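Novice: Take a look at the following structure, please.
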Amino acid sequence: GAWRSRQNAGLLLGLLNSFFQGGLMAHMEHGLQDRDLAAPLHVDACLKLMASNTTALNSSFTPF
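If you use mature numbering (1 follows the signal peptide of the UniProt record, and there is no 0), the sequence shown corresponds to residues -25 to -1, 1 to 39, in order.
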């Protein structure tokens, strides 16, 4: 159900962040700061919402 969807979405966001961080580090390794590798604000907000396990996410998430 909803729990499995949140778990899968969290894994997907983690993989996407790792992919883009790896690409940035490969091309700009010495010119990056920690804030450059941090997750974007909308991704961070989404991860926090999924971690809080609220009904707000359940009502706003539509799989289709």
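In this text, a Cβ means the ideal position worked out from N, Cα and C, and glycines have one as well. All of these numbers come straight from a predicted model, not from anything done at the bench.
1) DSSP three-state call for glycine -4: helix, strand or coil?
2) Could you spell out the range, first to last residue, of the alpha helix (DSSP H) harbouring methionine 3?
3) Between the alpha carbons of phenylalanine 39 and arginine -22, how many angstroms are there, rounded?
4) Return yes when the Cβ of aspartate 11 is within less than 8 Å of the Cβ of glycine -2, no when it is not.
Specialist: Answer, in terms of the structure:
1) If you number the sequence shown from 1, residue -4 lands on position 22. Helix.
2) Mapped onto the sequence shown, residue 3 falls at position 28. No alpha helix (DSSP H) holds methionine 3; DSSP gives it neither H nor E.
3) Residue mapping note: residue 39 aligns to position 64 of the sequence shown, counting from 1. Residue mapping note: residue -22 aligns to position 4 of the sequence shown, counting from 1. In this prediction, phenylalanine 39 scores a pLDDT of 49, lower than 50, which makes its location untrustworthy; the coordinate-derived value is nonetheless stated afterwards. Their Cα atoms are separated by approximately 15 Å.
4) By one-based count along the sequence shown, residue -2 stands at place 24. By one-based count along the sequence shown, residue 11 stands at place 36. Glycine is not the amino acid found at residue -2; the sequence shown has leucine there. In contact: leucine -2 and aspartate 11 (Cβ atoms closer than 8 Å).
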